[in-house]
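Undergrad: 8 is the number of the first residue of the sequence shown in our numbering; add one for each residue after it.
One structure, pasted below without further comment.
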Amino acid sequence: MNATTLTSLARALDDAGILASASPAEAFIIGASCDSRCVEPGNLFVCKGATFRPAFLAGALEAGAAAYLCDREHADELAAVAPGVPALVTSDLRRAMAVVSAEAFGHPDRDLPIVGITGTKGKTTTAYMLRSVVDAARGEKSCGMIGTVETYDGVTDEPSRNTTPEAPDLWRHLAHAREKGLAAMVMEVSSQALKYDRTLGVGLDVACFLNIGLDHISPVEHADFEDYFTSKLKIFSQCETAVVNLDSDHVDRVLEAAGAAARTLTFGIGRPEADAWADGIAHSEEGVAFTLHLGDWERRVQLPFPGDFSVSNALCAALCARALGIGADAVVEGLARTRVPGRMEFYRSRDRQLTAIVDYAHNRMAFESLLSAVASTFSGARVIAVFGAVGGKAEERRHDLPEVAARYADYIVLTSDDPWTEDPLDICHEMERSLPEGFPHEIVVDRERAAERAFELAEGRRSVVLLLAKGHEAYQHTRDGFEPCVSDCELAARGVAAHDRANL
Numbered sequence: 008m009n010a011t012t013l014t015s016l017a018r019a020l021d022d023a024g025i026l027a028s029a030s031p032a033e034a035f036i037i038g039a040s041c042d043s044r045c046v047e048p049g050n051l052f053v054c055k056g057a058t059f060r061p062a063f064l065a066g067a068l069e070a071g072a073a074a075y076l077c078d079r080e081h082a083d084e085l086a087a088v089a090p091g092v093p094a095l096v097t098s099d100l101r102r103a104m105a106v107v108s109a110e111a112f113g114h115p116d117r118d119l120p121i122v123g124i125t126g127t128k129g130k131t132t133t134a135y136m137l138r139s140v141v142d143a144a145r146g147e148k149s150c151g152m153i154g155t156v157e158t159y160d161g162v163t164d165e166p167s168r169n170t171t172p173e174a175p176d177l178w179r180h181l182a183h184a185r186e187k188g189l190a191a192m193v194m195e196v197s198s199q200a201l202k203y204d205r206t207l208g209v210g211l212d213v214a215c216f217l218n219i220g221l222d223h224i225s226p227v228e229h230a231d232f233e234d235y236f237t238s239k240l241k242i243f244s245q246c247e248t249a250v251v252n253l254d255s256d257h258v259d260r261v262l263e264a265a266g267a268a269a270r271t272l273t274f275g276i277g278r279p280e281a282d283a284w285a286d287g288i289a290h291s292e293e294g295v296a297f298t299l300h301l302g303d304w305e306r307r308v309q310l311p312f313p314g315d316f317s318v319s320n321a322l323c324a325a326l327c328a329r330a331l332g333i334g335a336d337a338v339v340e341g342l343a344r345t346r347v348p349g350r351m352e353f354y355r356s357r358d359r360q361l362t363a364i365v366d367y368a369h370n371r372m373a374f375e376s377l378l379s380a381v382a383s384t385f386s387g388a389r390v391i392a393v394f395g396a397v398g399g400k401a402e403e404r405r406h407d408l409p410e411v412a413a414r415y416a417d418y419i420v421l422t423s424d425d426p427w428t429e430d431p432l433d434i435c436h437e438m439e440r441s442l443p444e445g446f447p448h449e450i451v452v453d454r455e456r457a458a459e460r461a462f463e464l465a466e467g468r469r470s471v472v473l474l475l476a477k478g479h480e481a482y483q484h485t486r487d488g489f490e491p492c493v494s495d496c497e498l499a500a501r502g503v504a505a506h507d508r509a510n511l
């Protein structure tokens, strides 16, 4: 692991114009952390957060932290708590956290191919597609992953807490990936990460922009669409190659922002002018097949997912793989064997009369893409959708999701989905008001019971049950914190197994 000095970190902050003061005492620094529970000896501890307490610094020092970073507002208080401990004080803690973390971990991005993916929908699926392609080319577990579902860096292999982690954690994962000699790191880059400088300074070999839609607009996320869009476009300021979806809304503005990169590559469905494009799309209940045109070759590709949106994601992954120097055979193989936990996971009964689909779709764009694909692919089947809406943020979903679902589903079961500080029944009633008058539906707040009810409704005819927005997650975020629950994946497996037992 890289070692540096407090003087070097102070110099980096000064160069960035955000150093307020530095301790005259020197210290050797190995890495950084903003969680006192995860501090390792030699770390620089970052004192951050609205709920930060001086006791956290005391705990970090006990665990071996060599120095700390704080903002001017808390400098005097923390100096009294930890007299004589080397410290850096900054005028911009968010930016400073990224700057010192990069320095403390020795800038691993300079020795590791990194692909960053942003967009309103499809980040996770595209990241897994690319990971599968890299693994097909370079060997299993050769590609790192930082995203919504999991974090894998060659050392850490665990479920993720945030789509894009705070800067000290992010740089630690990159350092691990370099240390273990991974072939590449694929990371989802959220709008919040870009807005709040979590990814500041990370040199991306490739930055992908999938699409843009209305989402994450709330007092605790983005004030309006312009703030959301502008935040996402920042990804191009830190990459060598920009990859842009020509089918995206506002594509002219996206391409203009992509001009900040050294080169821009494009992809699109039915667009021969793009660097990667698709035609010959054929849908089936097993997924979707298409002809991939990429550079000087074309291949037939089979995806285990439905919908044109899956083809678009695959085009992006294939183009990124090409930029990393990966050939056609690995691209086709990797795309065909992609599996994404909780994303478009299919559970089918033995008699093929019941299909359960688990997907993380949770905004208007994702609902439109998934439900329209299901309705067309499973023509004649009864479609039953189970979903809710989160509490405390993204309030537009309470109106968008039921409105979109009612256009494609035959029956809707409204239920709980991370209600946070709100009453889930109140959220369901608000969603109910956005359904067309007389639309077949019911409210079952308990999510496990809601899924059971959907499978009951599915009996007697060919049906598709959609369990939406929670995916692999085995918790509900309530006013009492994160409470364990049965994941939608498990609920889908149970429902199909019950059908099979009843139809032996």
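All residues carry an ideal CB built from backbone N, CA and C; glycine is no exception.
Where Ser-98 and Ser-198 are concerned, what is the direct C-alpha to C-alpha distance, given to the nearest angstrom?
TA: Spanning the two alpha carbons is a distance of roughly 23 Å.
Undergrad: Closest to Ala-504 by CA distance: which of Leu-262, Ala-363, Leu-13 is it?
TA: Among Leu-262, Ala-363, Leu-13, the Cα nearest to that of Ala-504 belongs to Ala-363.
Undergrad: How would you write the range of the beta strand (DSSP E) that Arg-4 sits in, first residue to last?
TA: This structure gives no information on residue 4, because the portion of the chain shown stretches from 8 to 511.
Undergrad: Leaving out the 5 sequence neighbours to the left and right, which residues in its chain are closer than 8 Å to Val-411 when beta-carbon positions are compared?
TA: Around Val-411: Arg-371, Phe-374, Glu-375, Leu-378.
Undergrad: Just to confirm the assignment: which complete beta strand (DSSP E) runs, minimum length 3, are found wholly within the region 30-75?
TA: 51-53, all fully within the region 30-75.
Undergrad: Would Ala-191 and Cys-246 qualify as a contact pair, given that the criterion is a beta-carbon distance under 7 Å?
TA: No, they are not a contact pair.
Undergrad: Taking the alpha-carbon positions, what's the Ala-325 to Lys-239 distance?
TA: Rounded to whole angstroms, Ala-325 to Lys-239 spans 22 Å at the Cα level.
Undergrad: Could you check whether the region 451-470 touches the region 414-432, counting it as contact only if at least three pairs of C-beta atoms, one from each stretch, sit closer than 8 Å?
TA: Contact between the region 451-470 and the region 414-432 is present, because at least three Cβ pairs lie under 8 Å.
Undergrad: Do Gly-129 and Asn-9 come within 7 Å of each other at the CB atom, strictly closer than that value?
TA: Cβ distance not < 7 Å, so Asn-9 and Gly-129 don't count as in contact.
Undergrad: Using only alpha-carbon positions, find the residue among Gly-445, Asp-433, Glu-437 that is nearest to Leu-408.
TA: For Leu-408, the nearest C-alpha among the options comes from Glu-437.
Undergrad: Jot down the residue ranges of each uninterrupted alpha helix (DSSP H) in the region 388-441, minimum 4 residues, whole runs only, in chain order.
TA: Counting whole runs of 4 or more residues, the region 388-441 contains the alpha helix (DSSP H) stretches 404-415, 431-439.
Undergrad: Across which residues does DSSP place Asn-252 in a beta bridge pair?
TA: Bridge partners of Asn-252: Phe-274.
Undergrad: Relative to the C-alpha of Leu-68, which candidate in His-81, Thr-58, Val-53 has its C-alpha closest?
TA: The shortest C-alpha separation from Leu-68 is found at Val-53.
Undergrad: In angstroms, rounded to a whole number, what distance separates the CA positions of Ile-25 and Arg-18?
TA: Distance between the alpha carbons of Ile-25 and Arg-18: 10 Å.
Undergrad: By a C-beta neighbour count over all protein chains shown, 10 Å radius and 16 as the cutoff for buried, is Glu-352 buried or exposed?
TA: Glu-352 is buried by the Cβ-count criterion.
Undergrad: Hey, Phe-216 and Val-251: beta-carbon distance below 7 Å or not?
TA: Yes, the pair counts as a contact, with Cβ atoms nearer than the cut-off.
Undergrad: Are at least three pairs of beta-carbons, each pair with one atom in the region 176-185 and one in the region 158-166, less than 8 Å apart?
TA: Yes: at least three Cβ pairs fall under 8 Å.
Undergrad: What are the boundary residues of the alpha helix (DSSP H) that includes Thr-132?
TA: From DSSP, the alpha helix (DSSP H) with Thr-132 extends over 130-145.
Undergrad: Could you tell me the distance, in whole angstroms, from the CA atom of Thr-11 to the CA atom of Leu-361?
TA: Their backbone Cα atoms lie some 59 Å apart in a straight line.
Undergrad: What does a CB cutoff of less than 8 Å around His-300 pick up in its chain, not counting 5 residues either side in sequence?
TA: Hits under 8 Å: Pro-279, Ala-283, Trp-284, Ala-285, Asp-286.
Undergrad: Pick out whichever of Thr-237, Arg-508, Pro-443 has its Cα sitting closest to the Cα of Gly-220.
TA: Selected option, being the one with the closest Cα: Thr-237.
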